[in-house]
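Here is the structure we will look at, set down as structure tokens.
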Amino acid sequence: MNRREFLKISAALGAGGAMPALLGGCAPRPLPGAGAVTTSPTVCNMCFWQCAGTLYQEDGQAWKVVGNPDDPHCDGRLCTRGSAGIGAYSDPDRLRQPLLRVSEGGAQRFEPVSWDAALDFIAEKMNTIGEQYGKDRIALFSHGGGGKHFRRMLQAFGSHAYAHPSFAQCRGPRETAFGLTYGEGVGSPDRTDMSNSRCIVLIGSHLGENLHNSQVQTLIQGLNNGATLITVDPRFSVAASKSKYWLPIKPGTDIALLLAWMNVLINEGLYDRDYVARYCSGFDRLAAHVQPYNPEWAYLETGLEPARIRETARIMATAAPATLVHPGRHVTWYGDDTQRSRAIAILNALLGSWGRPGGFYQQEKVALPEFPVPQPPPPKDDWKAVVQGDFPLVSTGISNKLVEHSVGPDAYIKGWFVYATNLPMTLPGANEQIKSAAESLDLMVVVDTMPAEISGYADVVLPECTYLERYDDLRNAPERTPTLALRMPAFPPSHETKPAWWMAKGIAERLGLGEYFPWQDYTEVLEWQLKQAGSSLAEMQRIGVKRYPRKTPVYFADDQPAEFSTPSGRIELYSTLLADAGQHPLPRYTPPERPPAGFYHLNYGRSPAHTFGRTINNPQLFELMPENTVWVHPSAAARLRVASGDYVALENPDGLRSNGIRVRVTERIRPDSVFLVHGFGHSDQRQRLARGVGADDAALMHNVKIDPIMGGTGMRASFVTLVKREVS
Ligand SMILES: Nc1nc2c(c(=O)[nH]1)N[C@H]1C(S)=C(S)[C@@H](COP(=O)(O)OP(=O)(O)OC[C@H]3O[C@@H](n4cnc5c(=O)[nH]c(N)nc54)[C@H](O)[C@@H]3O)O[C@H]1N2
Ligand SMILES: Nc1nc2c(c(=O)[nH]1)N[C@H]1C(S)=C(S)[C@@H](COP(=O)(O)OP(=O)(O)OC[C@H]3O[C@@H](n4cnc5c(=O)[nH]c(N)nc54)[C@H](O)[C@@H]3O)O[C@H]1N2
Ligand code: SF4
Ligand SMILES: [Mo]
9 MNRREFLKIS AALGAGGAMP ALLGGCAPRP LPGAGAVTTS PTVCNMCFWQ CAGTLYQEDG
69 QAWKVVGNPD DPHCDGRLCT RGSAGIGAYS DPDRLRQPLL RVSEGGAQRF EPVSWDAALD
129 FIAEKMNTIG EQYGKDRIAL FSHGGGGKHF RRMLQAFGSH AYAHPSFAQC RGPRETAFGL
189 TYGEGVGSPD RTDMSNSRCI VLIGSHLGEN LHNSQVQTLI QGLNNGATLI TVDPRFSVAA
249 SKSKYWLPIK PGTDIALLLA WMNVLINEGL YDRDYVARYC SGFDRLAAHV QPYNPEWAYL
309 ETGLEPARIR ETARIMATAA PATLVHPGRH VTWYGDDTQR SRAIAILNAL LGSWGRPGGF
369 YQQEKVALPE FPVPQPPPPK DDWKAVVQGD FPLVSTGISN KLVEHSVGPD AYIKGWFVYA
429 TNLPMTLPGA NEQIKSAAES LDLMVVVDTM PAEISGYADV VLPECTYLER YDDLRNAPER
489 TPTLALRMPA FPPSHETKPA WWMAKGIAER LGLGEYFPWQ DYTEVLEWQL KQAGSSLAEM
549 QRIGVKRYPR KTPVYFADDQ PAEFSTPSGR IELYSTLLAD AGQHPLPRYT PPERPPAGFY
609 HLNYGRSPAH TFGRTINNPQ LFELMPENTV WVHPSAAARL RVASGDYVAL ENPDGLRSNG
669 IRVRVTERIR PDSVFLVHGF GHSDQRQRLA RGVGADDAAL MHNVKIDPIM GGTGMRASFV
729 TLVKREVS
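Spelled out as structure tokens, the structure:
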């Protein structure tokens, strides 16, 4: 028997009650506004944009959540998913109490246990791992603020290994590339100044479907002010439909286009000479490097007309420096992603847009000290040298490398804490590896609000209360206007759920590390911090969002030298760090693999109605979009003999098949590709709305390309075909 078999436990555990009623399962109420209304501030956690909002209750019942008008992340408006936050709170399938894996008579199952029993078990296992292998062998995977508390607890114990999927499965190549070029990354929220742009170039960023709130709003402001929109996307995206130029590029060939654009700007003398002379290094080498890559060469790679490439380059130059070539966000595509992101960073430098109005502005946070706690002891070992030594330019954890180093009896990593990330649907094609890791690990703790797939592998599942039921850290994101925002509980925690800080503190105390959590309640931390920032918890509970005056300029000042944290102190068009590391110091184009006969590029993206897989079971959002469809071009549909509405499975070249998914025949996708929205195809039976509906793109990925510079997982090099099936 497996040491840790995947438990598809019955819906009776961790969930309960009747089948969820749609629309949040709220009891019927009289007309809204007729009862006693109370409000409390919150920060939305339906995605990671973290918009500040206000939760309304009427006669003690959840009513609605709306945006805070003072908040620069949302400007008073929440998106579809944010407006459905109450559905996450009222979802009847939520985890309700701690669960412990038990074996009885050869069978494994989860047993609901008390918090004491769950935390005692974890502390005991950690100590055993510490004695047997060393205290540095437990890794944390985390996505979201609450992971911070587990990180502190693990560091105090001696374990520093840590990764979040928003690096190696998302923004890593971009942050690495901009870091190499400008000495700093783009950050979150992205520092794009689109409301002031005169030209905006979107390279696969499908803003409008990607619904990062203020970013979509500033794009619309830019367009209303007359900005020209150029969208490069193999699919006719929502953004493409708003564009003056849609460039339906052959998948995976963007670097060829970017090199050709640089070629035109340099050879026609359209780049910002003054900016380049003032701030950049390596221009001559770049100019020589791009000579072979003219638009005629790029045409053969990208399928885009040379005249179109020249015309769009000239439009960018005319609008510069108020031209934003958007850096994208989820950029782990073909494995050469740091090179593509470097090309985007360099193109922006040639246009002079970094630090200029309409390009990239400079962000500022509120000076908010951390609550004083002891420093953890220094790590015994350099875990990065063990786990990701092949990627010396990367200081962040690489989640896929941590998983690799958790498989087998000799693995370095012996225990996992997984906070708010559903690894089986997040790491591409990694299901077998996660299964093997689960078999070899001595401890797996999953902290989630929902019975996500990863919890099926856990020894212990810890149920967190939702964001509407807890305090978290103050939001202090870098912004145009430094701003603090408060998340506070509107409701007491449902069932036996608890906030992350409480769990981490409980484990630390059992390990004799209570001094790292020197408070009884997290409000003590918030109160102390707010006092340092000239506010108070009472004030923030009233206003939710507080703006502070800026201390630094929003853009580069013409009369002051700008400084860059690169080895040369300048914007590095030619990257000395890449050269020293044996990587290509100037952007290098690698032609992508093309699909084998009968197969199609597997393209995927977002829908405005959902965030990854985390909202599919949300009753309000499920009603809006209960399944994904696979987009197929009419010519491909004719070849495959499928029509809109047909029920098919997707099959990859290894013969792996998805759940059933419906076909949508549309001219909006190229004949060589199919497209689906990521996040569907849940298998855990405890998510009663989401289970079994739609297809999961992550499971189908068979050709994951590792970026040689930052180690991330390129997810766009996989292929699928369609297999007809009957409706089940
Ligand atoms: N195939 C494929 N893979 C992808 C992507 C893709 O498009 N396709 N996108 C990539 C990108 S851009 C990213 S950023 C990552 C995202 O990857 P993840 O962060 O893993 O995203 P989710 O799948 O939504 O998993 C989030 C988990 O957090 C839980 N959760 C939600 N709220 C809370 C909370 O308040 N507390 C706790 N403890 N848990 C909570 C949810 O129930 C869910 O199980 O995935 C990457 N992987
Ligand atoms: N509603 C909603 N919004 C979200 C999220 C969500 O889950 N739901 N997730 C958020 C997160 S964490 C992230 S990282 C972002 C991700 O959002 P983005 O960074 O905007 O987009 P990607 O997912 O990388 O790209 C999807 C687009 O790339 C196109 N594309 C595919 N292949 C190619 C190619 O070879 N070249 C070019 N030029 N384009 C190509 C696809 O057709 C699609 O339109 O979205 C964020 N916003
Ligand atoms: S963009 Fe939407 S889901 Fe994301 S934090 Fe803002 S309101 Fe919430
Ligand atoms: Mo992401």
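Throughout, our numbering is defined as the position within the sequence shown, counted from one, plus 8.
Glycine included, every Cβ here is placed at the ideal spot set by N, Cα and C.
Since this is a predicted model, take the numbers as computed values, not measurements.
Give a single yes or no on whether residue i has its beta carbon closer than 8 Å to a heavy atom of ligand 3.
i	result
Arg89	yes
Gly113	no
Gln58	yes
Cys178	no
Asn221	yes
Which word fits residue i, buried or exposed, when buried means at least 16 other C-beta atoms lie within 10 angstroms of its C-beta?
i	result
Asn232	exposed
His503	exposed
Leu30	Annotation note: pLDDT 40 at Leu30 (below 50); position unreliable, coordinate value reported separately. Classification of Leu30: exposed, given that the 10 Å Cβ count is below 16.
Gly32	Confidence in Gly32 is poor, its pLDDT being 44 and thus under 50, which makes the residue's placement too unreliable to answer from.
Ala296	exposed
Pro386	exposed
Glu532	exposed
Glu477	buried
Leu215	buried
Glu372	buried
Leu39	exposed
Leu308	exposed
Ser403	exposed
Arg281	exposed
Asp292	exposed
Thr637	buried
Ser573	exposed
Arg550	exposed
Glu112	exposed
Pro49	buried
Glu461	buried
Gly234	exposed
Quick test of your reading: residue i and residue j, contact by CB under 8 Å. State the CB separation rounded to the nearest angstrom.
i	j	result
Ala438	Val411	6 Å
Gly154	Glu472	7 Å
Val553	Phe118	Rounded, the Cβ-Cβ distance is 40 Å, inconsistent with contact.
Leu188	Leu585	6 Å
Phe688	Gly702	3 Å
Tyr141	Gly405	Rounded, the Cβ-Cβ distance is 19 Å, inconsistent with contact.
Leu435	Phe165	Actually they do not touch by this definition, with Cβ atoms about 25 Å apart.
Gly262	Gly720	A small correction: the amino acid at residue 262 is Asp; Gly does not occupy that position in the sequence shown. No, Asp262 and Gly720 are not in contact; Cβ-Cβ is about 16 Å, not under 8 Å.
Gln7	Ser203	Since the first residue of the chain shown is 9 and the last is 736, residue 7 is not available in this structure.
Let me check you understand the geometry: is the CB of residue i closer than 8 Å to at least one non-hydrogen atom of ligand 1?
i	result
His503	no
His338	yes
Glu139	no
Asn53	yes
Gly621	yes
Pro436	yes
His710	no
What does DSSP give as the partner residues of residue i in its beta bridges?
i	result
Pro526	Pro526 pairs with nothing; no bridge assigned.
Asn611	Phe683
Tyr253	Ile238
Thr62	Pro49 and Val74
Phe368	Thr200 and Trp362
Glu487	Glu372
Ser111	Gln116
Leu451	Gly423
Lys506	Glu472
Phe688	For Phe688, which the question treats as bridged, DSSP gives no partner whatsoever.
Report yes if the C-beta of residue i is less than 8 Å from at least one heavy atom of ligand 2; otherwise report no.
i	result
Lys243	Before going further, note that residue 243 is Arg rather than Lys in the sequence given. Indeed, a heavy atom of ligand 2 lies less than 8 Å from the Cβ.
Tyr655	no
Arg740	Any answer about residue 740 is impossible in this case: the structure gives the chain only from 9 up to 736.
Val240	yes
Ala617	yes
Pro259	yes
May I ask whether a heavy atom of ligand 4 can be found less than 8 Å away from the beta carbon of residue i?
i	result
Ser150	no
Ser407	no
Ser174	yes
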